[in-house]
Each structure stands twice: as C-alpha cells, then as structure tokens.
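If you're matching them up, the sequences are chains A and B in order.
Counting from 1, one number per residue, gives the positions in the first sequence under my numbering.
Counting from 114, one number per residue, gives the positions in the second sequence under my numbering.
2 protein chains.
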Amino acid sequence: MPAPRTDLCFHALGDGVRRTILDRLSAGELSAGAIAEGFDISWPAVSRHLRLLKEARLVEERREGRQRIYALNRGTLQQTVGHWVALFDARWADNLRSLKDHVERSQPPRGRP
Amino acid sequence: MPAPRTDLCFHALGDGVRRTILDRLSAGELSAGAIAEGFDISWPAVSRHLRLLKEARLVEERREGRQRIYALNRGTLQQTVGHWVALFDARWADNLRSLKDHVERSQPPRGRP
DNA sequence: GCCATACTTAACGTATAGGTTAAATGTTTC
DNA sequence: GAAACATTTAACCTATACGTTAAGTATGGC
C-alpha cells in the first residue's frame, strides 16, 4: 500500500478548480484538453492542477496516442478522506459496520442499476 | 444552514497540526492551552490554527472563565467531507441511503442534541 | 486598582500556491 | 524528416500560509 499522502490529498481537495475536475472525472475519463475546456484559466494552470491531483493519487494518468487520459482514483478518497470521516463520526463508522453485517446477512448480492 | 465553506474545510484538513488537533478533540473538549501543550510550535501558531479550524466551522469555541474551550463540530465534517466521499464512491452513497432507510424503520430515534 | 493568567492580535520574514506567457517535449501525419 | 498537435515544463510574478517574537485584551484573585 502506498503512503497515504494525507496532506497532499486534502490540500488537493482544498481548491475549487481541482474539486470541479474530480467531479467531472466522476462521470468518466477525460483527456487533459477536455478538462481544460470549461475553465477560464490557461492550459498550463490546469496542467499543474492535474499534476497535484496525480501526486495526491486522486487521479491516474495514462497516455493514449498524443493525448493524456485522466481517470478518478476512488480508492484514494476512500482510504484517506473516508478514514477521517469515520474517525470523527463514531456513528458513521458504527453504522457502516452494522450495515455491512446486515446487508451481507440478509441480501444476496444483486446487480444494481 | 450556513455556507458550506468547502474550501476552508479541506484547507484546514490539509495541515498535519490541525488534523492532530481535531484528532485530540475527538476524545473530548480541550482548552487552548491544553491543545498548545504537546506541540513544539509557539502558542500564537496554535492559536492561528484554532482560528482557521473555527472559521471552517470544524470546531466551536466557548469562553469559560479565562479559558477558551474548543470542541469538535462533527456536523461540518459530515456535511462537507462526507458529501464528497459519497459523491465519489457510489457504493458509500448507496450504503448510506439504504442504511438510513433501514435504521429509520427498525430503530426508534434516540435523543441527540 | 493592580498583578498574574490565558490567551489572541500585530508585525514581520520566508516558503509555497496558483496564475501568466514562452519554450520544450513527445506523437502522429504528410 | 518537417509540420501540426496535445500537453507539460520553465521562468516569472503576486498573494497567501505558517512560523516567529512582541504587544494587546479579558478575566480572576489579592
């Protein structure tokens, strides 16, 4: 398991542009160019935001032809952000645990739309 | 409902000292002095961290004699951080939804301030 | 009222964040 | 291999972050 990079992760989430990027990526992968469109700031500025998100492991990058495709890394959010939420709210943690038990006992896994 | 202050909230969580403060407060209220003890940085530095946490509504402050008592505000974490986690992880969102249904149906509500 | 206590605010220095434009990089296409 | 494309890196500027020390502000006890 790679280092948590909690600082990087939360710092990355502390900027509205980066949160918007993550939001858009939650709907599916996008190229750097597609991400840059829709922001009023320059391409290099967006590129730096993407680098920060990548360093925080909140997104992953892969090359495809001459494009760079970015995809959301949901695991990082679970491991870092989720960890903190659970720590701070005992009810959430308890609820998630008991829910998991309950669901696993009473409902066979089915496909969900 | 006060403004979410998402930027402030995540920015506050992006610093290790502030996360440690929140961590300690999760065990119970503490005075500013009690918080400052245990950090190698100066009191004024800790005081500023506390102000940031207060502005982000992650903690609440009240005066008691000549002390200032700080307490964790769990609601802010749920509203801002929790919201994002749920957005990014469809399974969590689903779990929370079905959990809410399940709990509301099977457990009578308990008094909570 | 006066002094100690328990802090916060002010003033200041250095490092980092986040923006810009210009130049560099790696990939296809001709 | 030269040109066009997609994007990053470099160089630079200004604002903000976070630390320090010194001064200010309530509150409680004598």
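Every residue, glycine too, gets a C-beta built ideally from N, C-alpha and C.
When we look at the beta-carbon of residue i and count the other beta-carbons within 10 Å, is it buried (16 or more) or exposed?
i: I134 (chain B); result: buried
i: R164 (chain B); result: exposed
i: C9 (chain A); result: buried
i: R48 (chain A); result: exposed
i: R131 (chain B); result: buried
i: R74 (chain A); result: buried
Since residue i and residue j should fall inside the 8 Å C-beta cutoff, what is the C-beta to C-beta distance between them, to a whole number of angstroms?
i: V172 (chain B); j: A184 (chain B); result: 6 Å
i: G129 (chain B); j: H11 (chain A); result: Actually they do not touch by this definition, with Cβ atoms about 11 Å apart.
i: V46 (chain A); j: A34 (chain A); result: Not confirmed; about 10 Å, so no contact.
i: R170 (chain B); j: T189 (chain B); result: 5 Å
i: T155 (chain B); j: R181 (chain B); result: Here residue 155 (chain B) is Ser; the residue named in the question, Thr, does not match the sequence. The pair is not a contact, with the Cβ atoms about 17 Å apart (cut-off 8 Å).
Using a cut-off of 9 Å between C-beta atoms, extract the partners of residue i located in chain A.
i: G178 (chain B); result: What G178 (chain B) touches in chain A: nothing, since even the nearest Cβ is about 28 Å away.
i: V130 (chain B); result: Going along chain A, no residue has its Cβ under 9 Å from V130 (chain B), so there is no contact; the nearest lies around 11 Å.
Below 7 Å on C-beta distance, what does residue i contact in chain B?
i: F10 (chain A); result: F123, L126, G127
i: V59 (chain A); result: Those do not exist, as V59 (chain A) stays about 11 Å from chain B at its closest Cβ, beyond 7 Å.
Listing by chain order, which chain A residues have their CB less than 8 Å from the CB of residue i?
i: D120 (chain B); result: G14, D15, G16
List, in chain order, every chain B residue whose beta-carbon is nearer than 8 Å to that of residue i.
i: V46 (chain A); result: Within chain B, no residue comes near V46 (chain A); the closest Cβ sits about 18 Å away, beyond 8 Å.
Report the residue ranges of all alpha helix (DSSP H) runs contained in full by the region 131-160 of chain B; include only those spanning at least 4 residues, in chain order.
145-149
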